[in-house]
Structure formats: structure tokens, C-alpha cells
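Q: Next up is a structure, given as C-alpha cells.
Residue numbers (full-length UniProt numbering): 1 to 290.
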């Protein structure tokens, strides 16, 4: 049995897109590798035929057949392909690409992208043919010179969303078997929801295990024990690794000053951020600037 783990894309910015805030691509054994993205700024819709194990927040599902999946940048997930053969299409897009004006409904309110929603749907042969045709149309359209192609592609995405909302979601989720696994999943989800940092004016709010424990309504000792039991790493280690990862992304992909980056990550003074970064990476933040 072949096992492939799909991680979230790396070194991907909006400037890489053929349309601002949007990209569609084909994936499979005979296609180019699935692009990976460093920052989770993007919503994702994909259709896939094969066998997979998808871990989504505190739930998981084993699939066999053709599924339609909706990925939310605020909810961590992993995807493992377990079949020898697989094929599909996917598109990634920002909320700004889909929202044409301030009155448009936020994707956060869409049932397909809500934290409590069900993001996986099994497709019939007829549904597979129809949804696949929409992805194929988007692939063709993103390379044309048609002046209104962004509007047309938005219509295709919205059509997929509305067709999916009429379907019955998959109910084959399996739940974590113990309280430690569940609280750990909720912690990791809450941690991921703090990122990416979008503005340098609002510092990171949740910075230590106590902050997360309060938000999850559990005692910090219970949180620490659960996270260590399930992941083998401490709560502090997870938080630290995520802050450092975000610091590197901001240093490499923004023109913010180092002081602003430190402030956005919860460091009141630049010297605190410099010392923290150097202690954990062995180098100073300035070294990541080109």
C-alpha cells in the first residue's frame, strides 16, 4: 500500500497566482506534485478519487471513492493518500478573492467552512462528472485573457459551494477515543487559529499555556498533561514552534520592521524578540532578511 502525506504548501504567496488570490491545479499520479504552501492564508476546495485518511480538527475520516473536501485556513488538517492510484483537482483562494463587496457573506459563516461544519462529501458518478467539469473550466479560464475571468471563476467556485450545500455530508467521522486526545486537538486547532498574523498593530493574544487553558476552560495542568501524552511535546514547545515559524514567515515575506514583527507576536520590546529568536534558532531575526 502506498502512503503519501500531503502537507500544506510552502513558499507560496499571492504574487505567485495567475489571478490575485486564486489558483487551480490538477493532482494525481501522472500530474505535477501538489504545490505546498508555507502560510495558511488560503481556503481550499478539492475533488479526489482514491483512498485517503484525513485528520480534521478533532475528527478524522477514512475515504474510498470520490470525495469533495473544503479546507479552512483556520482549522488544521492533514491528508494521507493510502491508495496506489489517485486523481483529482483543487483550487486555493483567499476570502478577498471571493468577496466582491463588504456586503458579501463571510466564508466564516458558510456551513462548509465553519469549525463545527462537515467538510467532506462523497460524490456520485453524476456529481463527480459535474464538479470535475467546473474545475476543468477554471483551469482553462485562469490562463485566458478574458477581462472578466475573475468574475467567471468566482461563479464557478460559488456553484461548487452551492451544489455541495445541497448534498448530504459524510457521517463517517471517527472521534478521538479519550479526553486527552480531544483536548489536544482543540488546543492545536486554537493555536493554528491565531495565525497567520495579518496586521502589525494587534499583538498576539494567546502566548502561553495558561492563556490557552483559560480559552479552553480547562486547568493548565490538565492541558499540559494531555498535550504531552498525545504529542510527546509540551504545550510550551508547540506554542514556541508556531511563533518561530510565523516569525520566519513574516521576516521573509513582509517588509515590516523587526520591531513591528516582534510586537505583532507579543513581544513588547525588540530586544525581547531578538533574544527569544536567537535562543531558539541560533541566529538573529535580521539574518533572515534578504
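Every residue gets a Cβ at the ideal spot worked out from N, C-alpha and C, and that includes glycine.
For the candidate residues 193, 227, 178, whose alpha-carbon lies nearest to that of residue 184?
A: Translated into positions along the chain shown, residue 184 becomes position 184. It is 227.
Q: Sort 22, 285, 287, 46 by Cα distance to residue 149 and report the nearest one.
A: For the purposes of this step, residue 149 is taken as the residue at position 149 of the chain shown. For the residues 22, 285, 287, 46, the minimum Cα distance to residue 149 belongs to 22.
Q: Look up residue 87 in the DSSP assignment and give the residues it is bridged to.
A: Position 87 of the chain shown, counting from 1, holds the residue named residue 87. Beta-bridge pairing links residue 87 to 28, 49.
Q: Give the straight-line distance between the Cα atoms of residue 64 and residue 234, rounded to the nearest whole angstrom.
A: Working through the chain shown from its first residue, we reach residue 64 at position 64. Working through the chain shown from its first residue, we reach residue 234 at position 234. C-alpha separation (whole angstroms): 35 Å.
Q: Where do the N-terminal and C-terminal ends of the beta strand (DSSP E) with residue 81 fall, by residue?
A: Residue 81 sits at position 81 when you count from the first residue of the chain shown. Counting along the chain, the unbroken beta strand (DSSP E) around residue 81 starts and ends at 77-81.
Q: Using a threshold of 8 Å, state whether the C-beta atoms of residue 47 and residue 68 are closer than that.
A: Start at 1 with the first residue of the chain shown, and residue 47 comes out as number 47. Start at 1 with the first residue of the chain shown, and residue 68 comes out as number 68. Yes, these two residues count as a Cβ contact at 8 Å.
Q: Looking at residue 280: is its Cβ nearer than 8 Å to the Cβ of residue 244?
A: Stepping through the chain shown from its first residue, residue 280 is reached at position 280. Stepping through the chain shown from its first residue, residue 244 is reached at position 244. Yes; because the gap between Cβ atoms is below 8 Å, this pair is in contact.
Q: If the criterion is Cβ atoms closer than 8 Å, does the pair residue 285 and residue 277 meet it?
A: Within the chain shown, residue 285 is the residue found at index 285, counting from 1. Within the chain shown, residue 277 is the residue found at index 277, counting from 1. Yes, these two residues count as a Cβ contact at 8 Å.
Q: Should residue 282 be listed as close to the ligand PLP, given that the test is whether its C-beta is under 7 Å from any heavy atom?
A: The ligand PLP is not part of this structure, which contains no ligands at all.
Q: Among 50, 81, 42, which has the Cα closest to the Cα of residue 70?
A: Translated into the one-based positions of the chain shown, residue 70 becomes position 70. Comparing Cα-Cα distances from residue 70 to each of 50, 81, 42, the minimum goes to 42.
Q: With a threshold of 8 Å, are at least 3 pairs of Cβ atoms found where one atom belongs to the region 189-204 and the other to the region 217-232?
A: Touching, no, given that fewer than three Cβ pairs across the two stretches are closer than 8 Å.
Q: Compute the Euclidean distance between the alpha carbons of residue 263 and residue 205, then round it to the nearest angstrom.
A: Within the chain shown, residue 263 is the residue found at index 263, counting from 1. Within the chain shown, residue 205 is the residue found at index 205, counting from 1. Taking the straight line from one Cα to the other gives about 11 Å.
Q: Where does the unbroken alpha helix (DSSP H) through residue 130 begin, and where does it stop?
A: Within the chain shown, numbered from 1, the residue matching residue 130 stands at position 130. Taken as a continuous stretch (DSSP letters only), the alpha helix (DSSP H) holding residue 130 covers 125-141.
Q: Is the CB-CB distance between residue 83 and residue 50 below 8 Å?
A: Within the chain shown, numbered from 1, the residue matching residue 83 stands at position 83. Within the chain shown, numbered from 1, the residue matching residue 50 stands at position 50. With contacts defined as CB atoms closer than 8 Å, residue 83 and residue 50 qualify as a contacting pair.
Q: Out of 283, 261, 191, which one is the CA nearest neighbour of residue 202?
A: Here residue 202 corresponds to residue number 202 of the chain shown, with the count starting at 1. From the listed residues 283, 261, 191, the smallest Cα separation to residue 202 is found for 261.
Q: Starting from the C-beta of residue 242, find all residues in its chain whose C-beta is less than 7 Å away, skip the five residues before and the five after it, and write them out in chain order.
A: As a working mapping, residue 242 is identified with position 242 in the chain shown. Cβ neighbours of residue 242 beyond the five flanking positions: 191, 195.
Q: So, does the CB of residue 150 fall closer than 8 Å to a CB anywhere in chain B?
A: This model lacks chain B altogether; it includes just one protein chain.
Q: For the candidate residues 141, 217, 95, 143, whose alpha-carbon lies nearest to that of residue 45?
A: Within the chain shown, residue 45 is the residue found at index 45, counting from 1. Among 141, 217, 95, 143, the Cα nearest to that of residue 45 is on 95.
Q: Roughly how many angstroms separate the alpha carbons of residue 123 and residue 210, rounded to a whole number?
A: As a working note, residue 123 is residue 123 in the chain shown. As a working note, residue 210 is residue 210 in the chain shown. When rounded, the distance between both Cα atoms is 43 Å.
Q: Please report the straight-line C-alpha distance between residue 97 and residue 20, rounded to a whole angstrom.
A: Position 97 of the chain shown, counting from 1, holds the residue named residue 97. Position 20 of the chain shown, counting from 1, holds the residue named residue 20. For residue 97 and residue 20, the distance between alpha carbons rounds to 7 Å.
Q: Counting only the same chain and skipping the five closest in sequence on each side, list residues whose C-beta sits under 8 Å from that of residue 256.
A: Here residue 256 refers to the residue found at position 256 when the chain shown is read from its first residue. These residues qualify, in order along the chain: 200, 250, 264.
Q: Who are the near neighbours of residue 215 in its chain, counting only those whose CB is closer than 7 Å to its CB and skipping five residues on each side?
A: Walking along the chain shown from the start, residue 215 turns up at place 215. For residue 215, where only same-chain residues beyond five positions count, the Cβ hits under 7 Å are 190, 206.
Q: If we ignore side chains and look at the alpha-carbon of each, how far apart do residue 165 and residue 119 end up?
A: On the chain shown, residue 165 is found 165 positions in, with the first residue counted as 1. On the chain shown, residue 119 is found 119 positions in, with the first residue counted as 1. Cα to Cα, residue 165 sits roughly 10 Å from residue 119.
Q: What residues are listed by DSSP as bridge partners for residue 93?
A: The count along the chain shown starts at 1 and reaches residue 93 at position 93. Paired residue(s): 22, 43.
Q: Can you check DSSP and say which residues form a bridge with residue 64?
A: Locating residue 64 in the chain shown gives position 64, where the first residue counts as 1. 51, per the DSSP bridge assignment.
Q: Please report the residue range of the alpha helix (DSSP H) in which residue 183 lies.
A: Position 183 of the chain shown, counted from the first residue, corresponds to residue 183. That run of the alpha helix (DSSP H) goes 179-193.
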